[in-house]
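Notes to accompany the following structure.
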Amino acid sequence: MSPTVKRVAVIGGGPAGLMAAEWLSGHAVQVDVFDAMPSVGRKFLMAGRGGLNLTHSEPAGPFLARYGTRAAQVARWLEALDAGGLRDWAHGLGIQTFVGSSGRVFPEEMKAAPLLRAWLARLRARGVRLHMRHRWLGWPADARPCAAALRFDSPEGEQAYAAADAVILALGGGSWAKLGSDGAWMASLRAHGIEVAPLRPANCGFDVAWSDHFRERNAGLPVKSVAMACETAAGQRLARQGEFVISESGVEGSLVYALSAPLRDQIEASGEATAVLDLLPDWPQEKVMAAVTHPRGARSMSSHLQSRLGLKGVKAGLLRECAAVEDFRDPARLGLRIKALPLKLVRPRPIDEAISTAGGVHFDALSPGLMLRAAPGVFCAGEMLDWEAPTGGYLLTACMASGAVAALGIMDFLAAGQARDQELDG
1 MSPTVKRVAV IGGGPAGLMA AEWLSGHAVQ VDVFDAMPSV GRKFLMAGRG
51 GLNLTHSEPA GPFLARYGTR AAQVARWLEA LDAGGLRDWA HGLGIQTFVG
101 SSGRVFPEEM KAAPLLRAWL ARLRARGVRL HMRHRWLGWP ADARPCAAAL
151 RFDSPEGEQA YAAADAVILA LGGGSWAKLG SDGAWMASLR AHGIEVAPLR
201 PANCGFDVAW SDHFRERNAG LPVKSVAMAC ETAAGQRLAR QGEFVISESG
251 VEGSLVYALS APLRDQIEAS GEATAVLDLL PDWPQEKVMA AVTHPRGARS
301 MSSHLQSRLG LKGVKAGLLR ECAAVEDFRD PARLGLRIKA LPLKLVRPRP
351 IDEAISTAGG VHFDALSPGL MLRAAPGVFC AGEMLDWEAP TGGYLLTACM
401 ASGAVAALGI MDFLAAGQAR DQELDG
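Numbering of the sequence shown is given in the UniProt record's numbering, commencing with residue 1 and proceeding in unit increments.
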């Protein structure tokens with residue numbers, strides 16, 4: 001290989017790492033991707049089992065707002081690769097996409113595997129080399145973190161890789177450890193003074209202190225056509241409509257995941273959180289109140305609610321579980337509860353059950369190009385950075401966009417180094 005060709009090591013073969021390799025492979029750079037698992041993209045494939053939600057079609061403003069307190073940082077990533085750019089990229093691989101009724105964007109085949117196969121074929125054709133079963137061991141305690149001091153646990157034992165001119169760490173968060181994202185990198189970065197926030201569950205379910213009666217009759221059942229609301233730490237009310245599932249331990253599912261960040265933050269701040277359910281979001285309060293207060297004669301309240309509002313099954317069970325006894329004695333109060341039913345959440349489910357994690361490398365520890373300030377030539381990307389996003393394509397889009405930004409940062413870093421070398425030679 002020509003001595004003028006620079007080498008870049010990408011550690012982590014998930015969407016962020018592979019996208020970094022994609023952008024780097026278009027330049028005169030030798031890219032080596034290292035991953036601890038037997039194959040790359042395992043979490044990517046798992047996420048696509050029910051249909052790969054690649055991105056979302058909503059306008060830029062609402063799209064960016066999904067990133068909450070990290071919207072300003074993610075906005076810079078989306079300048080490099082936004083939702084439209086991601087769809088164009090997929091089309092370039094021969095994978096056509098469509099917009100579903102919810103605004104989410106999917107491959108026409110709905111599957112992740114064809115896209116990943118086409119992607120890997122193009123990367124290999126561009127000279128990207130994949131090194132499987134290579135687990136990064138971090139930097140030695142007595143060595144400064146840098147690109148030229150990489151160690152891996154491999155099938156042949158511990159191996160050193162000292163040829164890299166730059167490195168991208170794209171090691172994922174801490175969820176789904178069996179697929180490779182175990183957060184083990186946290187200790188090495190902390191040991192070298194790199195500021196990282198503790199990993200926390202995101203897009204997760206929550207525990208609820210269900211009664212045995214409710215759990216036995218409803219665990220596993222979906223709760224459809226409901227709305228859920230909560231407040232952020234800043235006092236902003238957030239509300240979403242959709243569905244969730246009653247689990248043995250509490251609640252889970254897309255509607256819960258959409259509000260999991262503020263609910264988790266409430267629990268961390270005060271020890272519990274309250275999600276407010278609207279069991280009949282398509283009914284105005286006045287219509288609900290008229291139906292509940294209508295004379296019911298000899299019918300039980302349960303029969304009355306089913307007859308007048310169609311409230312039955314798991315929804316009726318939730319109302320009985322979460323409303324007070326006094327609410328059932330006063331039709332007016334019960335009418336209010338149907339539209340605003342408090343659901344007490346005790347704790348988030350463990351990180352390894354979560355779809356993703358919050359926390360990770362602080363943005364203050366990074367340059368705009370995602371290089372660690374304490375380790376020139378070492379860049380970070382993906383879920384290991386301190387940001388989070390709901391499901392719906394937002395998480396995957398930003399992960400891949402951050403990989404593109406890290407690749408651009410590396411090209412600037414290598415170009416600056418080459419310019420310095422030429423100046424010294426002159």
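Even glycine gets a Cβ: it sits at the ideal position worked out from N, Cα and C. Source: prediction; values computed, not measured.
What's the C-alpha gap between residue i and residue j?
| i | j | result |
| --- | --- | --- |
| R133 | P140 | 20 Å |
| residue 503 | G41 | Residue 503 cannot be examined here, being either before or after the span of the chain that is shown, 1 to 426. |
| A21 | F44 | 16 Å |
| M1 | P368 | In this prediction, M1 has a pLDDT of 49, which is less than 50 and means its spatial position is unreliable; what the coordinates show is noted afterwards. In a straight line, the C-alpha of M1 is about 31 Å away from that of P368. |
| G92 | Q159 | 36 Å |
| P198 | A184 | 12 Å |
| A406 | G310 | 53 Å |
| residue 430 | F98 | The first residue shown for the chain is 1 and the last is 426, placing residue 430 beyond what the model contains. |
| L169 | L255 | 32 Å |
| M19 | T4 | 24 Å |
| T293 | G51 | 44 Å |
| A227 | N218 | 19 Å |
| S303 | S39 | 56 Å |
| C230 | S270 | 14 Å |
Report the option in the options whose CA atom is closest to the CA atom of residue i.
| i | options | result |
| --- | --- | --- |
| P376 | C399, G382, T357 and L414 | L414 |
| S249 | A60, E353 and D182 | E353 |
| L189 | R373, A398, E388 and T4 | R373 |
| M46 | A118, R66, A163 and P15 | P15 |
| D212 | G317, F63 and A36 | G317 |
| C146 | D88, N218, D165 and E108 | D165 |
| residue 429 | A261, G85 and G103 | Summary: the structure shown does not reach residue 429, with the chain confined to residues 1 through 426, and so no result is reported for it. |
| R224 | D278, T397, H304 and E326 | Checking the displayed sequence, the identity of residue 224 turns out to be Lys instead of Arg. Here the closest residue by C-alpha is D278. |
| I267 | D412, R200, A118 and A75 | R200 |
| V361 | D35, G173, G48 and G403 | G173 |
| R49 | D88, M110 and R66 | M110 |
| residue 431 | L137, A187 and S300 | Because the chain is modelled from 1 through 426, residue 431 falls outside the range shown and cannot be assessed. |
On the DSSP bridge assignment, give the partners of residue i in chain order.
| i | result |
| --- | --- |
| T274 | K344 |
| T55 | V105 |
| S356 | A202 |
For the putative contact between residue i and residue j, defined by C-beta atoms under 8 Å, what is the C-beta separation to the nearest angstrom?
| i | j | result |
| --- | --- | --- |
| D142 | R347 | The Cβ separation is near 40 Å, so there is no contact. |
| V128 | I410 | About 14 Å separates the two Cβ atoms, so there is no contact after all. |
| L78 | A401 | 6 Å |
| A381 | G17 | 7 Å |
| H131 | D32 | 6 Å |
| I355 | Y257 | 7 Å |
| T274 | P331 | Actually they do not touch by this definition, with Cβ atoms about 24 Å apart. |
Do residue j and residue i come within 7 Å of each other at the CB atom, strictly closer than that value?
| i | j | result |
| --- | --- | --- |
| L54 | V10 | no |
| V276 | I338 | no |
| L234 | A358 | Sequence check: residue 234 is Ala here, not Leu. Cβ atoms of A234 and A358: not closer than 7 Å. |
| L251 | P222 | Reading off the sequence shown, one finds Val at residue 251, where the question assumed Leu. Not in contact: V251 and P222 (Cβ atoms no closer than 7 Å). |
| L64 | A80 | no |
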